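The structure appears below as C-alpha coordinates.
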Amino acid sequence: MIKSELIGKIAASNPHLFHRDIERIVNVIFDEIVDALSRGDRVELRGFGAFTVKHRPPRSGRNPRTGTAVKVDEKFVPFFKTGKELRERLNA
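Take 41 as the starting number for the sequence shown in our numbering and just add one per residue.
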(Lines of atoms letter the chains of each structure in order from A and count residues from 1; the text may use other names and numbers.)
(Lines give C-alpha, C1' and ligand atoms only; values in the text may rest on other atoms or scores of the structure.)
Protein backbone atom coordinates (compact mmCIF):
# COMPACT_ATOMS: atom_id res chain seq x y z
CA MET A 1 0.00 0.00 0.00
CA ILE A 2 1.29 3.44 -0.86
CA LYS A 3 0.47 6.69 0.93
CA SER A 4 -2.21 7.75 -1.58
CA GLU A 5 -3.98 4.39 -1.14
CA LEU A 6 -3.89 4.82 2.64
CA ILE A 7 -5.41 8.29 2.31
CA GLY A 8 -8.07 6.90 -0.04
CA LYS A 9 -9.04 4.11 2.40
CA ILE A 10 -9.29 6.55 5.30
CA ALA A 11 -11.38 8.91 3.17
CA ALA A 12 -13.71 6.07 2.14
CA SER A 13 -14.30 5.00 5.73
CA ASN A 14 -14.74 8.60 6.96
CA PRO A 15 -16.90 10.41 4.37
CA HIS A 16 -17.54 13.30 6.78
CA LEU A 17 -13.86 14.39 6.55
CA PHE A 18 -12.39 16.37 3.67
CA HIS A 19 -9.79 14.62 1.54
CA ARG A 20 -7.30 17.46 2.06
CA ASP A 21 -7.67 17.21 5.85
CA ILE A 22 -7.00 13.46 5.79
CA GLU A 23 -3.94 14.03 3.61
CA ARG A 24 -2.67 16.67 6.03
CA ILE A 25 -3.20 14.34 9.03
CA VAL A 26 -1.33 11.47 7.37
CA ASN A 27 1.55 13.78 6.38
CA VAL A 28 1.79 15.19 9.92
CA ILE A 29 1.94 11.68 11.42
CA PHE A 30 4.68 10.58 9.02
CA ASP A 31 6.61 13.84 9.55
CA GLU A 32 6.47 13.38 13.33
CA ILE A 33 7.79 9.83 13.02
CA VAL A 34 10.65 11.01 10.80
CA ASP A 35 11.46 13.93 13.13
CA ALA A 36 11.52 11.65 16.19
CA LEU A 37 13.81 9.16 14.45
CA SER A 38 16.14 11.93 13.29
CA ARG A 39 16.47 13.02 16.95
CA GLY A 40 17.36 9.45 17.87
CA ASP A 41 14.07 8.77 19.66
CA ARG A 42 12.09 5.53 19.52
CA VAL A 43 8.56 5.58 18.06
CA GLU A 44 6.19 2.89 19.33
CA LEU A 45 2.72 2.31 17.94
CA ARG A 46 1.05 -0.17 20.31
CA GLY A 47 -0.12 -3.31 18.56
CA PHE A 48 1.65 -2.31 15.33
CA GLY A 49 5.35 -2.07 16.10
CA ALA A 50 8.28 0.14 16.98
CA PHE A 51 10.61 2.24 14.85
CA THR A 52 14.18 2.74 16.05
CA VAL A 53 17.44 3.95 14.59
CA LYS A 54 20.42 1.59 14.45
CA HIS A 55 24.02 2.73 14.16
CA ARG A 56 26.23 0.96 11.65
CA PRO A 57 29.93 1.63 12.30
CA PRO A 58 32.40 2.30 9.48
CA ARG A 59 33.74 -0.82 7.81
CA SER A 60 35.67 -2.11 4.87
CA GLY A 61 33.58 -3.46 2.00
CA ARG A 62 34.18 -4.86 -1.47
CA ASN A 63 33.16 -3.56 -4.87
CA PRO A 64 31.28 -6.55 -6.36
CA ARG A 65 32.28 -5.69 -9.92
CA THR A 66 36.04 -5.22 -9.42
CA GLY A 67 36.65 -6.89 -6.05
CA THR A 68 38.63 -3.92 -4.74
CA ALA A 69 38.33 -2.86 -1.12
CA VAL A 70 36.04 0.11 -0.50
CA LYS A 71 35.69 2.17 2.68
CA VAL A 72 32.06 2.32 3.84
CA ASP A 73 31.28 5.28 6.12
CA GLU A 74 29.27 4.97 9.33
CA LYS A 75 25.55 5.42 8.96
CA PHE A 76 22.29 5.41 10.85
CA VAL A 77 19.51 3.26 9.43
CA PRO A 78 15.83 2.99 10.40
CA PHE A 79 14.72 -0.31 11.88
CA PHE A 80 11.17 -1.60 12.39
CA LYS A 81 10.17 -4.35 14.80
CA THR A 82 6.63 -5.66 14.54
CA GLY A 83 4.37 -5.64 17.56
CA LYS A 84 2.90 -8.78 19.08
CA GLU A 85 -0.65 -8.06 17.89
CA LEU A 86 0.44 -7.46 14.28
CA ARG A 87 2.57 -10.63 14.29
CA GLU A 88 -0.34 -12.68 15.65
CA ARG A 89 -2.77 -11.32 13.04
CA LEU A 90 -0.33 -12.08 10.21
CA ASN A 91 0.26 -15.64 11.42
CA ALA A 92 -3.35 -16.49 12.31
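From the three backbone atoms N, C-alpha and C, an ideal C-beta is built for every residue, glycine too. Quantities reported herein were computed from a predicted structural model and do not represent experimental measurements.
Taking the Cβ atom as the reference point for each residue, do residue i and residue j lie within a distance shorter than 8 Å?
| i | j | result |
| --- | --- | --- |
| Val-117 | Arg-102 | no |
| Ile-42 | Val-66 | no |
| Gly-89 | Phe-120 | yes |
| Ala-77 | Val-83 | With the sequence shown as reference, residue 77 is identified as Leu, and Ala is not the correct amino acid for it. Cβ distance < 8 Å, so Leu-77 and Val-83 count as in contact. |
Can you tell me where the alpha helix (DSSP H) with residue i in it begins and where it stops?
| i | result |
| --- | --- |
| Ala-109 | That residue, Ala-109, is in no alpha helix (DSSP H); its beta strand (DSSP E) goes 109-112. |
| Arg-79 | Unbroken run through Arg-79: none, as it is neither H nor E. |
| Arg-129 | 124-130 |
Give the range of the beta strand (DSSP E) segment to which residue i is assigned.
| i | result |
| --- | --- |
| Val-58 | Going by the sequence as given, residue 58 is Phe instead of Val. Element bounds for Phe-58: n/a, residue is neither H nor E. |
| Arg-96 | 89-96 |
| Arg-99 | 99-102 |
Within its chain, find whatever has a CB closer than 8 Å to the CB of residue i; leave out the 5 residues flanking it on each side and keep chain order.
| i | result |
| --- | --- |
| Glu-54 | In the sequence as displayed, the identity of residue 54 is Asn instead of Glu. Within the same chain, Asn-54 has close Cβ partners Ile-62. |
Only counting the same chain, and skipping five residues up and downstream in sequence, which positions put a Cβ closer than 7 Å to that of residue i?
| i | result |
| --- | --- |
| Gly-80 | Val-93 |
Which same chain residues end up closer than 6 Å to residue i when comparing Cβ atoms and leaving out the 5 residues on each side of it in sequence?
| i | result |
| --- | --- |
| Gly-123 | Gly-87, Phe-88, Gly-89 |
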